[in-house]
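For reference, the structure is listed below as structure tokens.
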Amino acid sequence: MTNSESSRRGQRHNHRVKMEKIFQQVTRRHVRIKRRERRDNNSVLNKVLQEFLNIMRKCDSLFSSMNPKLEYLGSYFDGMRVGQPTEYDINVILTFHVNYSKIELDARDNQNGYTSIIMPEEFRRLSKTPATAIKGFKKTEIWCDRSHRLLVTGFRSWMQSVVDAALDTLPQEDGKRILKVQNKYFKILYKMSGPANTIKIYVEDDYVIDVDLVPTLAFELPKKPFNSKIDFNKVKQTKKAHYFAVPKPSDTNFSWSLRSI
């Protein structure tokens, strides 16, 4: 090898090393920006949704009685997904005032991992007992069929009515609702998409966070649907041994989709 060839090879090596260092620096900077952006978005999202949840509770006594809680799913919120951290799936977990061990989950007449939710006698009493009927449980009279299966459309329609009522309390500007959170104003757009209530939060005019609020019921293992084809061992392997029933539209009005975290 001549001196000139050795020199050129050395130059190419140095160039590759230099470019690799530049790439690493750019990558680290990009990751830091993404982390900061995700952190800022999560902060905004939590404040806005908690405020909106409070408004929903004020608008509907039944919704408030069901102790709604937000469950931030594993998408951009925990940084597990690559891309713009502006899309979120969030469960709104609602709890019935009944003994959950008496709720039956039956997948025999359902397909594609769906299940029926058969409510116990004590659930039907909630709409008839004055103390609970006055708290909004009168609305649940039409939530079940004659076989006491919880109906998807009844639950979804009620949830949508709560969201609509909350939005109607907010002022409107240019077709968007205005939500005040800690002396800062956010514009909000809303649409129904499957089982989810999709909300667009305008942090800035050209920067939007998309949120799918999904009403759900949570169930703890070892309880699981009878004759279900779902592999619940995967649920057991998660840190939280619970899963969710979602009122996703299907061919029947009593089939609830199951999803884990």
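So that you can map any letter, position 45 of the sequence shown is 45 in full-length UniProt numbering, and since no number is skipped, the others follow by simple counting. For each residue, glycine too, the CB sits at the ideal point set by N, CA and C. Note that the structure is a prediction, hence the values are computed from the model and not measured.
If the criterion is Cβ atoms closer than 9 Å, does the pair residue i and residue j meet it?
i, j, result
"residue 92", "residue 201", "no"
"residue 254", "residue 107", "no"
Decide if residue i is buried, meaning its Cβ has at least 16 other Cβ atoms within 10 Å, or exposed.
i, result
"residue 191", "exposed"
"residue 185", "exposed"
"residue 110", "buried"
"residue 259", "buried"
"residue 77", "Low local confidence applies: a pLDDT of 35 at residue 77 is under 50, so the model's placement there is unreliable, with the coordinate-based value given in what follows. Buried, since its Cβ has 16 or more Cβ neighbours within 10 Å."
"residue 41", "buried"
"residue 207", "exposed"
"residue 216", "buried"
Work out the CA separation of residue j and residue i for me, nearest whole Å.
i, j, result
"residue 129", "residue 55", "26 Å"
"residue 170", "residue 48", "13 Å"
"residue 165", "residue 121", "30 Å"
"residue 245", "residue 219", "8 Å"
"residue 168", "residue 126", "28 Å"
"residue 68", "residue 152", "18 Å"
"residue 142", "residue 154", "7 Å"
"residue 240", "residue 71", "12 Å"
"residue 26", "residue 233", "Low local confidence applies: a pLDDT of 49 at residue 26 is under 50, so the model's placement there is unreliable, with the coordinate-based value given in what follows. Distance between the alpha carbons of residue 26 and residue 233: 41 Å."
"residue 183", "residue 212", "25 Å"
"residue 236", "residue 222", "9 Å"
"residue 162", "residue 61", "10 Å"
"residue 112", "residue 224", "15 Å"
"residue 147", "residue 124", "12 Å"
"residue 58", "residue 39", "29 Å"
"residue 97", "residue 199", "28 Å"
"residue 90", "residue 114", "20 Å"
"residue 181", "residue 160", "22 Å"
"residue 242", "residue 139", "27 Å"
"residue 102", "residue 203", "44 Å"
"residue 231", "residue 104", "18 Å"
"residue 177", "residue 50", "16 Å"
"residue 145", "residue 197", "25 Å"
"residue 238", "residue 137", "34 Å"
Quick check on this structure: which residue in the options has the alpha carbon closest to the alpha carbon of residue i?
i, options, result
"residue 118", "131, 238, 99, 135", "99"
"residue 210", "143, 114, 193, 160", "193"
"residue 175", "147, 188, 182, 181", "188"
"residue 195", "158, 177, 206", "158"
"residue 249", "243, 163, 257", "257"
"residue 251", "116, 101, 102", "116"
"residue 247", "214, 50, 62", "214"
"residue 156", "178, 94, 205, 242", "94"
"residue 173", "140, 101, 205, 145", "205"
"residue 132", "46, 104, 63", "63"
"residue 88", "104, 46, 105", "46"
Rounded to whole angstroms, how far is the Cβ of residue i from the Cβ of residue j, which I believe are closer than 8 Å?
i, j, result
"residue 135", "residue 65", "5 Å"
"residue 150", "residue 52", "No, residue 150 and residue 52 are not in contact; Cβ-Cβ is about 25 Å, not under 8 Å."
Would the beta-carbon of residue i be found less than 8 Å away from any heavy atom of the ligand MN?
i, result
"residue 189", "This structure simply doesn't include the ligand MN, nor any ligand for that matter."
Against chain C, with Cβ distances strictly below 9 Å, would residue i count as a contact?
i, result
"residue 171", "Chain labels in this structure do not include chain C; a single protein chain is all it has."
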